[in-house]
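Engineer: This is the structure I want to talk about, given as structure tokens.
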Amino acid sequence: MKVFIGGELEHSISDKFRKARNSVIEYMDCLCDISYINELSFYVFCLKGFTTNPLSRYSKKRNRIELEILLPFDKFETANDSQCVEILKQSILDAIENYKNKNIPQQYIDVIVEKMKASINE
Numbered sequence: 001m002k003v004f005i006g007g008e009l010e011h012s013i014s015d016k017f018r019k020a021r022n023s024v025i026e027y028m029d030c031l032c033d034i035s036y037i038n039e040l041s042f043y044v045f046c047l048k049g050f051t052t053n054p055l056s057r058y059s060k061k062r063n064r065i066e067l068e069i070l071l072p073f074d075k076f077e078t079a080n081d082s083q084c085v086e087i088l089k090q091s092i093l094d095a096i097e098n099y100k101n102k103n104i105p106q107q108y109i110d111v112i113v114e115k116m117k118a119s120i121n122e
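Here UniProt numbering is used: the first residue of the sequence shown is 1, the next is one more, and so on.
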């Protein structure tokens, strides 16, 4: 499975986000042997004063899960690099744990969550 993390960010935090994203992508390597989902895609919003209801989608044609995440701008802006990694990791884990879709068996999602939790605790 491929993992993608992108988003819309305030310019002032773009470097912090890039560093955090690169660290999180490394720990998500544990998902590369999963074949029942082709891609897990996260779209992160971290903008000053921005609110939205994050959406989730499943593309049956591409066999891709797409999840939107709203990061708290003020918290991310004032966090140090390691805290930014933890904020992003936890937000991604929460998004996956809360994801439900009738086209994907729940046990598939559970395996992704368990692998991610095990990787976090290494």
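Glycine included, C-beta positions come from ideal geometry on N, C-alpha and C.
#1: Please classify F50 as buried or exposed, where buried requires at least 16 neighbouring CB atoms within 10 angstroms.
#2: Just list the beta strand (DSSP E) runs in the stretch 3-66, keeping only unbroken ones of 3 residues or longer that don't cross its boundaries, in chain order.
#3: What's the C-alpha gap between R18 and E8?
#4: Assuming L93 is part of the alpha helix (DSSP H), what are its boundary residues?
#5: Among the candidates E26, L88 and R64, whose CA atom is the shortest distance from the CA of K75?
#6: I think F42 touches I120, with their Cβ atoms under 8 Å apart; what is that distance to the nearest whole Å?
#7: Under the three-state reduction of DSSP, which class applies to I69: helix, strand or coil?
#8: Where does M116 sit, in a helix, a strand or coil, going by DSSP?
#9: Please classify K100: does DSSP put it in a helix, a strand, or coil?
#10: For my contact list, L67 and F45 are in at a C-beta cut-off of 8 Å; report their separation, rounded to the angstrom.
Structural biologist: Reading off the structure:
#1: Taking the sequence shown and counting its residues from 1, the one referred to as residue 50 is at position 50. Exposed, because fewer than 16 other Cβ atoms sit within 10 Å of the Cβ of F50.
#2: 39-46 and 56-59
#3: Position 18 of the sequence shown holds residue 18. Position 8 of the sequence shown holds residue 8. If I take the Cα positions, the gap works out to 12 Å.
#4: Sequence index remark: in the sequence shown, residue 93 carries index 93 (1-based). Unbroken alpha helix (DSSP H) run through L93: D81 to E97.
#5: Along the sequence shown, read from residue 1 onward, the residue named residue 75 stands at position 75. Of the candidates E26, L88 and R64, the one whose C-alpha sits nearest the C-alpha of K75 is L88.
#6: Stepping through the sequence shown from its first residue, residue 42 is reached at position 42. Stepping through the sequence shown from its first residue, residue 120 is reached at position 120. Between I120 and F42 the Cβ distance is about 16 Å, and since that is not below 8 Å, they are no contact.
#7: Sequence index remark: in the sequence shown, residue 69 carries index 69 (1-based). DSSP places I69 in strand when its eight states are reduced to three.
#8: Walking along the sequence shown from the start, residue 116 turns up at place 116. Three-state result, M116: helix.
#9: Within the sequence shown, the letter at position 100 stands for residue 100. Correct three-state label for K100: coil.
#10: Here residue 67 refers to the residue found at position 67 when the sequence shown is read from its first residue. Here residue 45 refers to the residue found at position 45 when the sequence shown is read from its first residue. At roughly 12 Å, the Cβ-Cβ gap does not stay under 8 Å, so L67 and F45 are not in contact.
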